[in-house]
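Enquirer: To convert, take the position in the sequence shown, counting from 1, and add 37; that gives my numbering.
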Amino acid sequence: MDVVEELWRIPRWTQSRGEELANTISHGIGLVAALIGTPVLILAARNAGSGGFFVGTIIFAVTMLVLYLGSTLYHAWPQTRAKCVLQVFDHSAIFLLIAGTYTPFTLG
Numbered sequence: 038m039d040v041v042e043e044l045w046r047i048p049r050w051t052q053s054r055g056e057e058l059a060n061t062i063s064h065g066i067g068l069v070a071a072l073i074g075t076p077v078l079i080l081a082a083r084n085a086g087s088g089g090f091f092v093g094t095i096i097f098a099v100t101m102l103v104l105y106l107g108s109t110l111y112h113a114w115p116q117t118r119a120k121c122v123l124q125v126f127d128h129s130a131i132f133l134l135i136a137g138t139y140t141p142f143t144l145g
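1) What separation, rounded to the nearest whole angstrom, lies between the Cα atoms of Gly107 and Leu123?
2) Which first and last residues belong to the alpha helix (DSSP H) in which Ile47 is found?
3) Please determine, among Ile47, Leu58, Ala85, Glu56, the residue with the shortest C-alpha to C-alpha distance to Pro23.
4) How long is the line joining the alpha carbons of Phe97 and Ala70, rounded to whole angstroms?
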């Protein structure tokens, strides 16, 4: 049995339409802010001088964008099997962002 099938069978607490809408809007705002802030962040890292810090900042920015995109899609999607896939993506992106957050400090 695959992961999506297992997730689909698990009884779950579902959020109300209002909660899902609030999550979609708040994570969508985070995505827009990340899209606006990423070029500024990358330019600041480039001017910092360290190549490792620059690469680490790019990795952080990508993981941040992946997190907000995945979370926005997950909360916006109707209750279908595709939402189960997006849930796995959303929850995995949290761990990617944690790793991405440490990367500039590790490489810098």
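Cβ atoms here follow ideal geometry from the backbone N, Cα and C, with glycine treated the same way.
Expert: Looking at the atomic coordinates:
1) Locating residue 107 in the sequence shown gives position 70, counting from the first residue. Locating residue 123 in the sequence shown gives position 86, counting from the first residue. The straight-line gap from Cα to Cα measures roughly 7 Å.
2) Indexing the sequence shown from 1 puts residue 47 at position 10. Premise fails: Ile47 is in no alpha helix (DSSP H) and is neither H nor E.
3) For the chain, the structure presents residues 38 to 145; residue 23 sits outside this window and is missing.
4) Taking the sequence shown and counting its residues from 1, one reaches residue 97 at position 60. Taking the sequence shown and counting its residues from 1, one reaches residue 70 at position 33. So the alpha carbons of these two residues sit roughly 14 Å apart.
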